[in-house]
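The opening position of the sequence shown corresponds to residue -8 in this note's numbering, with each subsequent residue numbered one higher.
By construction, the Cβ of each residue, glycine as well, lies at the ideal position given by its N, Cα and C atoms.
Below is one structure, written out as structure tokens, with a few remarks after it.
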Amino acid sequence: MPGWSHTAPLTAARLARLVWRKRAPESGAPPPSERGWIGGDEAAALLTELTGAVPALGAGLGGAVPWVEIDGLVVACGVPVAVGPREVEGLDGAYRRHGDAVLREAAGREETVLSLEATVADGEPGFDLLWFGPAERYLVRGARLEIEDLFARVVAPVDRGWLERELVRRRRVDRGVLSEIEPADGGVQGSVEVRRADELVGAGWDDPERLIGCRETVGRVRRDGMRLVVTLEGGEEVAGEIVPQPEGWETVFDEGLPWRRLWCRREGDRIVYGAEPVADPRDGGVRTRWAFDLASDLLRLGDG
């Protein structure tokens, strides 16, 4: 890719424009600059081509991640910005370097996305595809599609048709990137989750009657044993069954409108509040609306 700048921010931006496939490309595939994606060991080779440096291997995303350091900034595959000790806004969240770790804040939590000195990822599942949108990160992991932005996390089943539209038609990526990607078998349900520090969430998050009652579109919530009846602002009633969960609860609604499930649980020092909406959560508008509604419920609970 002649003419590409070797400065850290521009190198990171170039990498972020490419789809990263964990598997190597098939024999005879066009070069990455033509097909719009990199696979296997090409990630390390591309870093060398862009920077002239030999990449080190760190651990993240369930495997080894090549990275280099340029002028005190870390540039790595799977990280959309050049990262130093100061927090910097990436496409999908905020990044900073802390010691030998690159930290990423997204979907209401900060976690290590890359360990610079390790070569084996600790407990995190691997991925099949990774790419960045205007304000989010996409991961395909087996039958699951995971979408994260600064505020929310979406899980949805892998759909070949959707991937074709997003990657091949819209981004003009060579369709070889989807070889060996299998559609979901129906075991993954679409969901949206937000997270908030537990000290910022008021008492009552573990009471579905109280938390669901914080929603602006809900007029009244009535509990009868393990049944919950929600009266929406237009007068329509929806009913569901409360199912206790470890560190929280889940409510499964009979009719599935406007949601099939709502749940809330503690996860470390965070409260996780989620929904399985009827609308497709992969849609950016749906994701944004649900993230806003869920976060607003938690805020109102804290204000109350």
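Subject >> Given 8 angstroms, three or more beta-carbon pairs between the stretch 228 to 235 and the stretch 264 to 281 >> reply: no
Original post:
Hey, out of Gly53, Glu184, Pro76 and Leu52, whose CA is closest to Glu60's CA?
Top reply: Pro76
Original post:
Using 8 angstroms as the Cβ pair cut-off and three pairs as the minimum, do the stretch 40 to 60 and the stretch 107 to 121 touch?
Top reply: yes
Original post:
Which residues mark the beginning and the end of the beta strand (DSSP E) in which Phe123 is found?
Top reply: Leu120 to Phe123
Original post:
Under 8 angstroms, do Ala147 and Val168 count as touching if we go by C-beta distance?
Top reply: no
**OP:** In the DSSP assignment, find the beta strand (DSSP E) that holds Thr279 and state where it starts and stops.
**Re:** Segment Gly275 to Asp294 is the alpha helix (DSSP H) holding Thr279; no beta strand (DSSP E) there.
Subject >> Cβ separation of Leu191 and Gly293, assumed to be a contact under 8 angstroms, to the nearest whole Å >> reply: 6 angstroms
Original post:
Ordered along the chain, which non-local residues of its own chain (more than five positions away) have a Cβ less than 7 angstroms from that of Leu202?
Top reply: Gly195, Trp196, Cys255, Asp288 and Leu292
Subject >> Residues that Arg251 bridges to, as DSSP identifies them >> reply: Answer is none; Arg251 lacks a bridge partner.
Original post:
In its own chain, which residues sit with a C-beta less than 7 angstroms from the C-beta of Pro174, not counting the 5 before and 5 after it?
Top reply: Val149, Asp150 and Arg151
Original post:
What's the C-alpha gap between Met(-8) and Pro22?
Top reply: At Met(-8) the pLDDT is 41, less than 50, meaning the model places this residue with poor confidence; the figure from the coordinates comes in the next sentence. Straight-line Cα distance between these residues: approximately 10 angstroms.
Original post:
Does His89 come within less than 8 angstroms of chain C when only Cβ atoms are used?
Top reply: Looking for chain C here will not work: only one protein chain is present.
**OP:** State the DSSP-derived secondary structure class of Thr(-2), mapped to helix, strand or coil.
**Re:** coil
**OP:** Could you tell me the boundaries of the alpha helix (DSSP H) in which Thr39 lies?
**Re:** Glu33 to Thr42
**OP:** With distances taken Cα to Cα, identify the nearest neighbour of Val38 among Val65, Ser18, Arg278 and Val131.
**Re:** Reading off the sequence, residue 38 comes out as Leu, not Val. Per the Cα distances, Val65.
Subject >> Val70, DSSP secondary structure in three states >> reply: coil
Original post:
Would you report the Cα separation of Leu136 and Gly204, rounded to the nearest angstrom?
Top reply: 31 angstroms
Original post:
For Trp58, does the three-state DSSP call read helix, strand or coil?
Top reply: strand
Original post:
Given a threshold of 16 other Cβ atoms within 10 Å of its Cβ, counted over all protein chains shown, does Val104 qualify as buried or as exposed?
Top reply: buried
**OP:** Give the DSSP-derived three-state secondary structure of Pro(-7) in the structure shown.
**Re:** Bear in mind that a pLDDT of 42 at Pro(-7), under 50, signals an unreliable position, so the model cannot answer this.
**OP:** Just grab the DSSP bridge partners of Gln236 for me.
**Re:** Gly239
Subject >> Where Arg14 sits in the DSSP three-state scheme >> reply: coil
Original post:
With DSSP run on the structure shown, which of helix, strand or coil describes Ser106?
Top reply: strand
Original post:
Taking the alpha helix (DSSP H) that Pro22 falls in, what are its first and last residues?
Top reply: Note, Pro22: premise wrong, no alpha helix (DSSP H); not H, not E.
Original post:
How would you label Thr208, buried or exposed, when you count the other beta carbons within 10 angstroms and need 16 or more for buried?
Top reply: exposed
**OP:** May I ask you to report which of helix, strand or coil DSSP gives Asp91?
**Re:** coil
**OP:** Below 6 angstroms CB to CB, which residues in the same chain sit around Glu184 once its five sequence neighbours on both sides are set aside?
**Re:** Arg144, Val263 and Gly265
**OP:** Please classify Ser(-4): is it buried, with 16 or more other beta-carbons within 10 angstroms of its beta-carbon, or exposed?
**Re:** Low confidence applies to Ser(-4): its pLDDT is 42, below 50, so where it sits in the model is not reliable enough to give any reading.
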